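Have a look at the structure below before the remarks.
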Amino acid sequence: MAIDSRDLNTNALQAQGMSIDPLDDTTMVINMGPQHPSTHGVLRVVLELDGETITRATSHIGYVHTGIEKSMEYQTYLKAVTNTDRMDYLSAHINNAAYTLSVEKLLGIEPPPRGQYLRVMLMEIQRIASHLVWLATHCLDMGAMTVFFYAFQQREKLLNLTEMMSGVRMMPSWIVPGGLRGDAPDGWFERAKEFCDGFPKAMEELEDLLNNNPIWRDRTQGIGIISAEDCIALGVSGPTLRGSGVAHDIRKTTPYSGYEQFTFYVPTGEFCDVYDRYRVRMAEMYQSREIIKQCIENMPDGPINVDDRKIVPPPRRELDNSMEAVIHHFKLWTEGFHPPIGEAYVPLESPKGEIGFYIVSDGTNRPYRAHMRPPSFMNLQALSAMCEGRLIADVVAVIGSIDIVLGEIDR
Amino acid sequence: MPDLRIIFPEYALGIHLPSLVPYIALFGTIGFILMILPGLIWIERVVIALMQDRSGPNRVGPRGLLQSTADVVKLFFKEDTMPQSADIRIYYLAPFLTVFCAFAAGAVLPLQTLTFRLVDSSFKTVPVTVGDVNIGLLYILAVSSLQVYGVVLAGWSSNNKYSLLGGLRGSAQLISYELSMGLSLLCVVTLAGTCQLNKIVDAQNGLPFGIPYTGVWWQVPLKGSIFSWFWLGTLLVPVCIYTIAMIAETNRAPFDLPEAESELIAGFHTEYSSMKFAMFFTGEYVSMLIVSGLNAAMFWGGSLPPLNIPPLTWIPGFMWFIIKIMGGIFFFTWLRASFPRLRYDALMNLGWKRMLPLGLVWVFLMAVWGLFRPAPASSDNIPAEPVTASQTTVQQVAPPVEAKSLASRQR
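From first to last, the protein sequence lines are chains A and B.
Under the numbering used here, the first residue of the first sequence is numbered 1024, with each subsequent residue one higher.
Under the numbering used here, the first residue of the second sequence is numbered 5, with each subsequent residue one higher.
Here it is in structure tokens:
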């Protein structure tokens, strides 16, 4: 009647191409995911357990592979932007910017200062929003569910800002080659300022719940340790790398979109564990708020887009009385623009790590190849190194601390 | 000060009222538990929603009051699935065992005391308890620790790896917390000198720290007040140990390891659906009531009002008991909203390395204090013959009811 669990173990291992001697088989293979509450989507981790201790952890991906990169090759440069939102769906603005900067490098253009400032502001808003989702889900995985609601309240304000500007909450496609799709509406900066004023108090509340909470510290300190050398060897980037003490932030090392004009510091960890990654991300949210405040204070006037009608569509009012504008509009939305033959890659700092689009142009109106460097994918490689020898509860903590988005990993 | 307690006659309509008390207690306890359960779930959801700054249930019925009823109806009509490789008999037994043990433990909770005027004009106080046995405390500990069999058998018989891990965690957790719980209750037993729960409540109906009651004006409001209950009488530590142990015992957050939903899906009841799941759920909530009730009786004065002054003494004792139980339920909810889940090894550390030694030291301290303090209020603590449910005890040293009434008639 009952199936011998040893047979199941052996089958599971053999399915992975591992042979096993049934006489010394004292471990249990457990399949965590793809349907599991805390694998942040559809990650599947095959764990080999000795009691509750993990002896081996292998991650399997590909359950939400949708071929986004391939479909980008069939769309004009301007329309392909919408695909990038769907990759890392928690930081759409930054994905848009990553794609846009590569295309702009191909085209050899750069938007005017107001456009740059608005981009920086949107990206930092998105960074806080993404970190808040990370905090919420990380805490939910650990069983602290109240933090989830408090963090989402703050995120709601940020999504409202995005919605006020673009009409969309999560998939705005607002940053496009040539600049942005539109300027900030009336009252937007005031709303952003209001958020910045209220944010530290809300964050203090969250930190009060967690920072010195003995259970939280016990669950995170000394867990998921990975050294700086291992991080670099595995290609880990972003807060996970900074948590291991490497002050590598692309906004500082190779500034883009005018990040060199802003004052902020790069928080780093010391003990390479889950707690340090948590502290790094919390500190980054405060830094992002600083950048947003500087943007609001120093926001320059002027146009937001490059003055090139071959790349940026003409404003609506021109269409009524200029034949040329109508032609430009028509050509741009049917055929698009043709970047010169070449390839480009511009790295950006996303909330997860280094993001960038490698775009090859063959001179036509569609990218010959568009490939994303997904930070979550690289960071996920550190999972097995962080988990081995730990307990099942730690796997959940570690997955939370490297902040993966499966939409970005599988694409 | 007039005694405002209601005094019942011994006979009404030819029925001997004191012998009806256990049956009233039986229907009262079961009825109360069954009636309060949906309300309890509603209270928990509303309280946690308030703490998390959200609306909570508000769709079904006024203020969402019928939400739990709707949930029960839904559970009735759900498909009852069973894994093919489950061990059927044990799989069916486990939820019944959980519910049975949870309800059975309620049999000795001292709800309140009723005073009767006997035919010979003497007074008799009868505790409203299903079985007022002299080993009440041992009984409640024994029955509630049998409950772990429900968890272990459910985890084992489902033939699911997550369930198995949940069952293992459950048994380890229960064994390690049962000890500390027993030690903390032992501190009370050394002071009260009895295991009979209504006498433990009665032992708290004196002055703080066993000061003899002489009826001086300042002693009257303090008699049986919040300061003379055993939370203070045992110097705070046992009540802390018991409160932690009771949460671990009922597998509630932050000690909900056997069903840690972010690690083990649903732990031991992963494979249970429909009413079998509902029985586990009922079992969990009933044991929350029972352990809170035990907490109220042992440390918080049971049915005694917090101060012996008129507006509070007018409220009947069972209402105070229910209020104290609800205080416990609120505490459960509060913890669930605030804390992350402990890790398995941290839980074991807390149980074996902190609470157990502390409990041992405190039992020793209480024993020493018991040697030097004034004598406890109730003198006859060990009855000569075993007392059954139908044969209720009398507060003063008195022969059984029948013999006494017969004697008066002879006179």
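Think of the CB as a built atom: it goes at the ideal place given N, C-alpha and C, for glycine as much as any other residue.
For clarity, every value in this text was computed on a predicted model and none was experimentally measured.
Quiz item: Since Ala1393/A sits in a beta bridge, which residues does DSSP pair it with?
Solution: If you number the first sequence from 1, residue 1393/A lands on position 370. Per DSSP, Ile1382/A.
Practice problem: Could you say which of Val1369/A, Glu1227/A, Ser1424/A and Trp1239/A lies nearest to Thr1277/A if we only look at CA atoms? | Solution: Locating residue 1277/A in the first sequence gives position 254, counting from the first residue. The shortest C-alpha separation from Thr1277/A is found at Val1369/A.
Quiz item: Can you name, in chain order, every residue of its own chain whose Cβ lies under 6 angstroms from the Cβ of Gly363/B, other than the five neighbours on each side?
Solution: The sequence position of residue 363/B within the second sequence is 359, counting from 1. Hits under 6 angstroms: Ser184, Leu187, Ser188 and Ile245.
Self-check item: Inter-residue Cα distance where the pair is Ala90/B and Asn163/B
Solution: Working through the second sequence from its first residue, we reach residue 90/B at position 86. Working through the second sequence from its first residue, we reach residue 163/B at position 159. So the alpha carbons of these two residues sit roughly 6 angstroms apart.
Exercise. Would you mind telling me which residues of chain A sit closer than 7 angstroms to Pro258/B, beta carbon to beta carbon, in chain order?
Key: Here residue 258/B corresponds to residue number 254 of the second sequence, with the count starting at 1. What Pro258/B touches in chain A: Gly1166 and Ile1238.
Quiz item: Which whole runs of the beta strand (DSSP E) in the segment 1063-1103 of chain A are 3 residues long or more, in chain order?
Solution: 1067-1073 and 1076-1083
Exercise. Kindly list, in the order they appear in chain A, the residues whose Cβ is closer than 8 angstroms to that of Lys82/B.
Key: Here residue 82/B corresponds to residue number 78 of the second sequence, with the count starting at 1. The premise fails here: Lys82/B is roughly 19 angstroms from chain A at the closest Cβ pair, so nothing lies under 8 angstroms.
Quiz prompt | Nearest to Val1269/A (by Cα), restricted to the options Thr1169/A, Arg1300/A, Gly1201/A and Asp1111/A | solution = In the first sequence, the residue the question calls residue 1269/A occupies position 246. Selected option, being the one with the closest Cα: Arg1300/A.
Quiz item: When the Cα atoms are used, what is the spatial distance from Pro309/B to Gly297/B?
Solution: Working through the second sequence from its first residue, we reach residue 309/B at position 305. Working through the second sequence from its first residue, we reach residue 297/B at position 293. Taking the straight line from one Cα to the other gives about 15 angstroms.
Exercise. Mind checking who Pro13/B pairs with in its DSSP beta bridge?
Key: Here residue 13/B corresponds to residue number 9 of the second sequence, with the count starting at 1. Looking at the DSSP assignment, Pro13/B forms a beta bridge with Arg121/B.
Quiz item: Considering Met1055/A, what are the terminal residues of the beta strand (DSSP E) in which it resides?
Solution: Numbered from 1 along the first sequence, position 32 holds the residue referred to as residue 1055/A. Its beta strand (DSSP E) spans residues Met1051 to Met1055.
Quiz item: Looking only at DSSP bridge pairs, what is Leu1229/A linked to?
Solution: Counting from one through the first sequence, the residue named residue 1229/A turns up at place 206. In the DSSP output, where bridge partners are listed per residue, Leu1229/A has none listed.
Self-check item: Top-ranked residue by Cα proximity to Ile326/B, from Leu21/B, Val25/B and Gly32/B
Solution: Counting from 1 along the second sequence, the entry for residue 326/B is found at position 322. Looking at the Cα atoms, Gly32/B is the closest of the given residues.
Exercise. Give the straight-line distance between the Cα atoms of Arg340/B and Ile1415/A, rounded to the nearest whole angstrom.
Key: Residue 340/B sits at position 336 when you count from the first residue of the second sequence. Residue 1415/A sits at position 392 when you count from the first residue of the first sequence. Distance between the alpha carbons of Arg340/B and Ile1415/A is about 21 angstroms.
Quiz item: By the criterion of Cβ-Cβ separation under 7 angstroms, what are the contact partners of Met55/B in chain A?
Solution: Locating residue 55/B in the second sequence gives position 51, counting from the first residue. What Met55/B touches in chain A: Thr1169.
Quiz item: Do Leu1203/A and Ile1334/A have their CB atoms nearer than 8 angstroms?
Solution: For the purposes of this step, residue 1203/A is identified with residue 180 of the first sequence, where counting begins at 1. For the purposes of this step, residue 1334/A is identified with residue 311 of the first sequence, where counting begins at 1. No, the Cβ-Cβ distance between Leu1203/A and Ile1334/A is not below 8 angstroms.
Practice problem: Could you name the residues of the same chain whose beta carbon sits closer than 6 angstroms to that of Leu316/B, not counting the 5 residues immediately before and after it, in chain order? | Solution: Taking the second sequence and counting its residues from 1, the one referred to as residue 316/B is at position 312. Counting only Cβ-Cβ distances below 6 angstroms, and skipping sequence neighbours, we find Pro309.
Quiz item: Does Leu362/B have its Cβ less than 8 angstroms from a Cβ in chain A?
Solution: What you label residue 362/B is simply residue 358 of the second sequence in a count that begins at 1. False, the Cβ-Cβ gap to chain A never drops below 8 angstroms.
Practice problem: Let me know the secondary structure DSSP gives Leu293/B once reduced to three states. | Solution: As a first step, residue 293/B must be located in the second sequence, where it is residue number 289. Residue state, collapsed to three classes: helix.
Exercise. Determine the extent of the beta strand (DSSP E) in which Lys165/B is found, giving its start and end residues.
Key: The count along the second sequence starts at 1 and reaches residue 165/B at position 161. Premise fails: Lys165/B lies in the alpha helix (DSSP H), Lys165 to Ala196, not in any beta strand (DSSP E).
Quiz item: Where Ala53/B and His1059/A are concerned, what is the direct C-alpha to C-alpha distance, given to the nearest angstrom?
Solution: Within the second sequence, numbered from 1, the residue matching residue 53/B stands at position 49. Within the first sequence, numbered from 1, the residue matching residue 1059/A stands at position 36. Rounded to the nearest angstrom, the two C-alpha atoms are 25 angstroms apart.
Quiz item: Using a beta-carbon distance below 8 angstroms, is Phe1353/A in contact with chain B?
Solution: Counted from its first residue, the first sequence places residue 1353/A at position 330. No, its Cβ sits nowhere closer than 8 angstroms to a Cβ of chain B.
Quiz prompt | CB contact flag (Gly1376/A, Ser1250/A, <8 angstroms) | solution = Counted from its first residue, the first sequence places residue 1376/A at position 353. Counted from its first residue, the first sequence places residue 1250/A at position 227. Against a cut-off of 8 angstroms, the Cβ pair of Ser1250/A and Gly1376/A comes out as no contact.
Quiz item: Any heavy atom of the ligand PLP within a distance shorter than 7 angstroms of the CB on Tyr246/B?
Solution: Summarising the ligand content, the structure contains no ligands, and the ligand PLP is consequently not present.
Exercise. Using a threshold of 8 angstroms, state whether the C-beta atoms of Tyr348/B and Leu261/B are closer than that.
Key: Your numbering for residue 348/B matches position 344 in the second sequence. Your numbering for residue 261/B matches position 257 in the second sequence. Yes.
Quiz item: Can you find a C-beta in chain A that's less than 8 angstroms from the C-beta of Lys165/B?
Solution: For the purposes of this step, residue 165/B is identified with residue 161 of the second sequence, where counting begins at 1. Cβ-Cβ to chain A under 8 angstroms: yes for Lys165/B.
Quiz item: Would a check of beta-carbon distances place Ala1416/A closer than 8 angstroms to chain B?
Solution: The residue given as residue 1416/A occupies position 393 in the first sequence. Yes, because at least one Cβ of chain B sits closer than 8 angstroms to the Cβ of Ala1416/A.
Quiz item: Would Met302/B be called buried (16 or more neighbouring beta carbons within 10 Å of its own) or exposed?
Solution: Taking the first residue of the second sequence as 1, we reach residue 302/B at position 298. So Met302/B counts as buried.
Quiz prompt | Euclidean distance between Cα positions of Lys408/B and Asn138/B | solution = In the second sequence, counting from the first residue as 1, residue 408/B sits at position 404. In the second sequence, counting from the first residue as 1, residue 138/B sits at position 134. Because Lys408/B carries a pLDDT of 48, less than 50, the predicted location of this residue cannot be relied on, and no value is offered for it.
Exercise. Using only alpha-carbon positions, find the residue among Val192/B, Val147/B and Gly170/B that is nearest to Gln433/B.
Key: Residue 433/B falls outside the range modelled here, since chain B spans only 5 to 415, and no answer is possible.
Quiz prompt | Positions along the segment 1170-1195 of chain A whose CB lies within less than 9 angstroms of some CB in chain B | solution = Val1170, Phe1171, Phe1172, Tyr1173 and Gln1176
Quiz item: Cα-Cα, which of Ile1255/A, Pro1374/A, Met1194/A and Met1146/A is closest to Cys1318/A?
Solution: If you number the first sequence from 1, residue 1318/A lands on position 295. Comparing Cα positions, the closest option is Met1146/A.
Practice problem: Check whether the Cβ atoms of Leu122/B and Thr133/B lie closer than 8 angstroms to each other. | Solution: Translated into positions along the second sequence, residue 122/B becomes position 118. Translated into positions along the second sequence, residue 133/B becomes position 129. For Leu122/B and Thr133/B, no; Cβs fall outside 8 angstroms.
Practice problem: List the residues of chain B that Ser1061/A touches, going by C-beta distances under 9 angstroms, in chain order. | Solution: For the purposes of this step, residue 1061/A is taken as residue 38 along the first sequence, with counting starting at 1. By Cβ distance, chain B contributes Glu265, Ser266 and Glu267.
Quiz prompt | Close beta carbons around Tyr1282/A, own chain, < 6 angstroms, minus the five adjacent residues each side | solution = Translated into the one-based positions of the first sequence, residue 1282/A becomes position 259. Contacts found: Arg1274.
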